[in-house]
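Step one of this worksheet: look at the structure below.
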Amino acid sequence: MSAAVDAPLTLAVPSKGRLQENTFAFFARAGLPLVQGRGSRDYRGSIAGVADVEVLFLSASEIARELSQGGAHLGITGEDLIRESIPDADRKLELLSPLGFGHANVVVAVPQAWIDVRRMADLEDVASAFRARHGAKMRVATKYVNLTRACFAGHGIADYRIVESLGATEGAPASGAAELIVDITTTGATLAANALKVIEDGVMLRSEANLVASVSAPWGPRARAAVASILARIAAEEQARTTREVRALWPAATQAQLDEAATRFNARVLGTGERVVLESPKASVFALSEWLIAQGAARVAVAEADYVFSATNPFIERLERRIG
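Mind the numbering: the sequence shown is residues 355 to 678 in this note's numbering, read in order.
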């Protein structure tokens, strides 16, 4: 096997801003601290304690490009950039997991003065009326050209033209550069400040940062071994964060009661006997604990783990199905 095929795993992460801060925190929680050897200006780094990993610090858009071209094995970037810049993203990439940060929606927004425009279906009437009155197509300012075309086509809207935005998109209607916009928003405050409103069914994508794998990257033995270690720790942290171990002093528990605990609370029975051990979703522990006491348990203890490793890993299984 050539050295190029058996290369180290390349991980592309954001190089600045809140997205970088959250990415560093995400990997640190999973026991995978990112290291920039020469400080914040260094665009190459590593993961402490994990061999055969090269970390690249890039812009979010560069990460999407590198993943699509196979220049990086793994990366963290927003789903909005993936869907906009890579038309066949589902063929080239595997979105392994949303990460719970970098939330933003890609939305269709119109002037608040358009009181009769509430839904996407209303835009077709507006477009026809605009064409009849001005002899030109209604203009949509956006950086999200591909997402806009797909969304408008899905709603049967064709009588418009896109004005590619290079600056503050939300200012386009007020400046006369466009009649409406497609843009990304987190709270909607900037849109409101520019007298714009989001159409009721105009959220075309609810985006957040994702852990993304490239199908076309050179997945040699070194890269596969490194990704297995990384994904094992990420899955272990996620499992620990989202579940709790529930121990009940419950010697009289019946199989029917254990089955009911599993189905009613989405719990998993790990052990039986004088003390019953269950794994429960974090959101269910209070209801489950109260139910256990009501069913005859003398005492219930709930514990949080740092990491929960398992012989099966859904992230690795999904990636292996894609890369063979």
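Note that the Cβ used here is the ideal one computed from N, Cα and C, for glycine as well. Just so we're clear, the structure is a prediction, and the values are computed from it rather than from any experiment.
Report the three-state DSSP secondary structure of residue i (helix, strand or coil).
i	result
residue 475	helix
residue 441	coil
residue 465	strand
residue 620	coil
residue 330	There is no way to answer for residue 330, as the model of the chain reaches only from 355 to 678.
residue 446	helix
residue 641	helix
residue 357	The predicted model places residue 357 with a pLDDT of 49, which falls under 50 and marks its position as unreliable; any figure quoted below should be read in that light. Coil, per DSSP.
residue 674	helix
residue 667	coil
residue 534	strand
residue 452	strand
residue 508	helix
residue 421	helix
residue 541	coil
residue 559	strand
Tell me which same chain residues have a C-beta within less than 7 angstroms of the C-beta of residue i, skipping the five on either side of it?
i	result
residue 539	458, 459, 461 and 545
residue 605	628
residue 624	631, 632 and 633
residue 582	670
residue 575	360
residue 578	none
residue 672	448 and 450
Report the rounded CA-to-CA distance for residue i versus residue j, giving the unit in angstroms.
i	j	result
residue 594	residue 381	14 angstroms
residue 414	residue 508	27 angstroms
residue 645	residue 662	25 angstroms
residue 451	residue 633	22 angstroms
residue 537	residue 522	10 angstroms
residue 517	residue 526	9 angstroms
residue 476	residue 441	27 angstroms
residue 649	residue 542	48 angstroms
Within a Cβ cutoff of 6 angstroms, which residues of the same chain sit near residue i, ignoring the five residues on either side of it in sequence?
i	result
residue 534	464 and 494
residue 420	366 and 426
residue 455	376 and 563
residue 433	561 and 564
residue 374	368
residue 664	none
residue 498	438, 460 and 536
residue 417	366, 429 and 431
residue 484	492
residue 668	none
Based on DSSP bridge pairs, tell me the residues matched to residue i.
i	result
residue 635	597
residue 629	603
residue 365	409 and 428
residue 485	Partner(s): none; residue 485 has no beta bridge.
residue 492	514
Sorted by chain position, which residues of the same chain lie with C-beta nearer than 8 angstroms to residue i's C-beta, five sequence neighbours on each side aside?
i	result
residue 482	513
residue 401	365, 381, 386, 387, 388, 389, 407, 409 and 584
residue 641	619
residue 636	595, 596, 597 and 598
residue 586	663, 667 and 670
Using a C-beta cutoff of 9 angstroms, does residue i count as contacting chain B?
i	result
residue 398	In the structure shown, chain B does not exist; there is a single protein chain.
Is it true that the segment 419-436 meets the segment 363-371, where meeting means three or more beta-carbon pairs spaced less than 8 angstroms apart? yes
Are the segment 435-443 and the segment 389-402 in contact at 8 angstroms, needing three or more beta carbon pairs? no
Tell me, please, whether the segment 586-605 touches the segment 483-490 by the rule of three or more beta-carbon pairs shorter than 8 angstroms. Under the three-pair Cβ rule at 8 angstroms, the segment 586-605 does not count as touching the segment 483-490.
Indicate whether the contact test is met: 3 or more Cβ pairs, each with one atom in the segment 567-576 and one in the segment 510-524, closer than 8 angstroms. no
Is it true that the segment 443-459 meets the segment 514-533, where meeting means three or more beta-carbon pairs spaced less than 8 angstroms apart? no
Between the segment 606-620 and the segment 396-414, can you find at least three pairs of beta-carbon atoms closer than 8 angstroms? no
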